[in-house]
Amino acid sequence: MFHDDAHGVPLPHRAFYSSGKPSPWPPRTSYVSMTPKTNQIRRSSSSTASAGNNQKKPQMDEARPSSSVILLSPTNQVLLLHRVQTSTSFPSAHVFPGGNLSSFHEPPLSPPPPPGGLSDPGPDLDRHRDSPAYRLAAIRETFEESGILLARRGDEAEPALLSIPEAERDKAREEIHNDRLHFQDWAGNTLKATLCVDELVPFTRWVTPPNMPKRFTTQMYLFLMPLHHPVAGTTGTGTGTGASTGATGPAVVDVDVVQTPTTDGGIEHTAATFADASEWLRRQRDGEIVLFPPQCYLLSLVAGVMGSAAVREGEGRYAAQRRALLDFVGRTPTSGGEVGSEGLRGVRKIHPTAMIPWSEKVMSPQTLFIRKSDGRIVLGVDKPGPELKGTGRGGDFDRVVLVKFTKQGPKEVEVRDREDVLREEKVAARL
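Residue numbers for the sequence shown follow full-length UniProt numbering, beginning at 1 and rising by one.
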C-alpha cells in the first residue's frame, strides 16, 4: 500500500475526441483496484539513442505482481474503497482492496525476464499464475486498507473470522503498512491465527498492456465471508449473535460478523463500503461514482450471477447465490450459450477463450474501435498480454467493455456482448 500507487490494469494509451484525432486523455496510468508497493525490484523502461539518428525501441516495462480481492459480506454485498480526491492515481474512484506484492512481507516469485526476453519463457510464466505469495498479499492489503482480517483461530476449526480490538487493529495496520511489523509473523505468533489463504478463489488475472509506463500482472480473487456464525474475538469471548437466512427473505446479520470496514486513516481512501454489485453499477451508471473498466467488468459478472441464481429447496437465498457464483467461476464454456443473441444465425461457434474457466482467464485490455453512435471506446479483453502470447492463455472474447474517458475519469462504462456491439456498429455505419 505505497503512495506511488496505480491500482492495477490500464487501458490502451489514447482516447479520441469526436473529431477522431488523438487526445492526451486518458492519462498514461493503470487501473484495477491496486495500491502497489514500491519496494519491489523494478526494471525501468527507457529509450536509448544509438549512433546516428537511429533510436532503439523503448523497452517494455516489467509487469509487477499484485493482487486484489472481491470481498463478499455475509449478505453477498461487495466491498469497495473510495480513493482520496488528492490521490496521484484514480482520485475519487471506487476500487477493490489490493496492492503489489511486497518483498518485506511476501516470499519471492520467479525473477522477471532479462532485457530482450527469455530463450526459455517457462520460469517467467510462474509470475502470472496464482501462488501463495499472491494470496498472502491479497489478505495483507485487505487488512491494511479496510481493517478486515481474513483469518481464523489457529487452534480450532472455528468458522468465524477473527475479530481484534480496534486499538490493536489500527496499530497493526499502520506498522504493517510501514514495514515495521511482518504481517505473517504478527498473525501467527501474536494472534495465533491462521490466514484464510486457501479460501481465496481465483477470478481472472489482468495484465497491463505493453505501452503503459507502469505495468502490473494482477491476480483477482473472490472471498466469501461466512454466512452466519458467532464472532471469534482474540480474547475468546465472541460477541456476535450470528445470522439466519430465510429461503427468500434477507438475512439478519450481526454487525460484528460483517467486521465493519474502516478507512486507512485517509492515507489512500476516504470510505470503505459494502453494497450490492448491482447497486455499485447503478451508481456508476447514474454518474454518482467512478469505476474503471476492470471493476465494472467484474462487478457486472457478479451482479449477473447474483440476480439469476435459482434457490433450491431448503436453501437460503444468499447460499444459493454463492453456490451459483462458485459454479460460474469454474464452469466452461464461459460464453452465454452457443446460440446467437437473437437466434437468427443459428449455432454460434465457441471461441477458444470460452473454454478457459474464469479462475484461469488472463485479460490485457486493447482498443478495438470507437463507436460512431456515442463516441465510446470499445475494449476487447480476450488477449493475455505480451508476456503470455502464444501460451494458450486468454481472456474473454465474447464480451467487450464500452467506456468514455473524460478529465474527471471514465464515464458510461458498460459490459456488452461483442456480437451485439458489432451488429450495432454495422447498423450505425449504414446511416
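Here a beta-carbon is modelled for each residue, glycine too, at the ideal position from N, C-alpha and C.
Taking DSSP as the reference, what is the three-state secondary structure of residue i?
i      : result
MET225 : coil
VAL311 : coil
TRP206 : strand
ARG180 : coil
SER92  : coil
LEU325 : helix
GLY99  : strand
LEU79  : strand
LEU281 : helix
GLN219 : strand
ARG64  : strand
LEU150 : coil
ILE164 : coil
THR194 : strand
LEU71  : strand
THR273 : strand
MET363 : strand
ARG423 : helix
MET355 : helix
VAL258 : Residue confidence is low: VAL258 scores 45 on pLDDT, short of 50, so the model does not pin down where it sits. Its coordinate-derived value is still stated next. Residue state, collapsed to three classes: helix.
By a C-beta neighbour count over all protein chains shown, 10 Å radius and 16 as the cutoff for buried, is residue i buried or exposed?
i      : result
ARG312 : exposed
LEU431 : exposed
PRO382 : A quick correction: the sequence has Asp, not Pro, at residue 382. So ASP382 ends up on the buried side.
MET212 : buried
GLY314 : exposed
SER308 : exposed
GLN219 : buried
LEU325 : buried
GLY385 : buried
GLU141 : buried
ARG393 : buried
GLY409 : buried
ARG364 : It is Ser, not Arg, that sits at residue 364 in the sequence shown. Its Cβ being crowded by 16 or more others within 10 Å, SER364 is buried.
MET355 : exposed
THR332 : exposed
MET306 : buried
GLU168 : exposed
SER373 : exposed
ALA310 : exposed
THR190 : exposed
ARG180 : exposed
PRO132 : exposed
ALA272 : buried
GLY287 : exposed
VAL421 : buried
PRO165 : exposed
ASP61  : buried
Can you tell which of the options has the C-alpha that lies nearest to the C-alpha of residue i?
i      : options                           : result
GLU419 : ASP396, ARG430 and VAL201         : ASP396
GLY99  : GLN77, SER146, VAL78 and LEU72    : SER146
PRO65  : VAL415, ARG285 and ARG215         : ARG215
PHE143 : ALA167, ILE176, TRP206 and ASP126 : ILE176
PRO108 : ARG127, HIS94 and PHE96           : ARG127
ALA428 : ARG399, ILE370 and GLY380         : ILE370
GLU412 : LEU227, LEU181, GLY375 and LYS349 : GLY375
ASP327 : LYS171, ALA271 and PRO357         : PRO357
PHE405 : LYS426, LEU291 and HIS94          : LEU291
SER278 : LEU80, VAL421 and LEU195          : LEU80
ALA193 : ARG205, PRO209, GLU166 and LEU149 : LEU149
LEU299 : GLU288, GLN284 and ALA310         : GLN284
VAL362 : VAL329, ARG323, TRP206 and LYS389 : TRP206
THR391 : GLU425, GLU360, ASP276 and ASN178 : GLU360
GLU199 : GLU166, PRO159 and HIS94          : PRO159
LEU72  : THR367, ARG322 and ASP417         : ARG322
ASN178 : HIS105, ILE289, THR204 and GLU424 : HIS105
TYR134 : THR208, ALA187, VAL197 and PRO165 : VAL197
LEU222 : GLY188, THR208, ASN76 and VAL378  : ASN76
GLY154 : PHE274, THR367, ASP185 and PRO294 : ASP185
GLU204 : THR217, LEU195 and PRO210         : According to the sequence shown, residue 204 is Thr rather than Glu. For THR204, the nearest C-alpha among the options comes from THR217.
PRO210 : ARG317, CYS296 and LYS389         : LYS389
Throw me the rounded Cβ distance for the residue i and residue j pair, which I believe falls under 8 Å.
i           : j      : result
residue 433 : SER102 : Residue coverage of the chain in this structure runs from 1 to 431, which leaves residue 433 outside it and unanswerable.
PRO74       : LEU227 : 5 Å
ILE139      : VAL302 : Not a contact, Cβ separation roughly 20 Å.
GLU387      : LEU402 : Wrong, their Cβ atoms sit about 27 Å apart, outside the cutoff.
VAL329      : VAL201 : 6 Å
Along the chain, which unbroken stretches of the alpha helix (DSSP H) at least 4 residues long are found entirely within the region 365 to 419?
none
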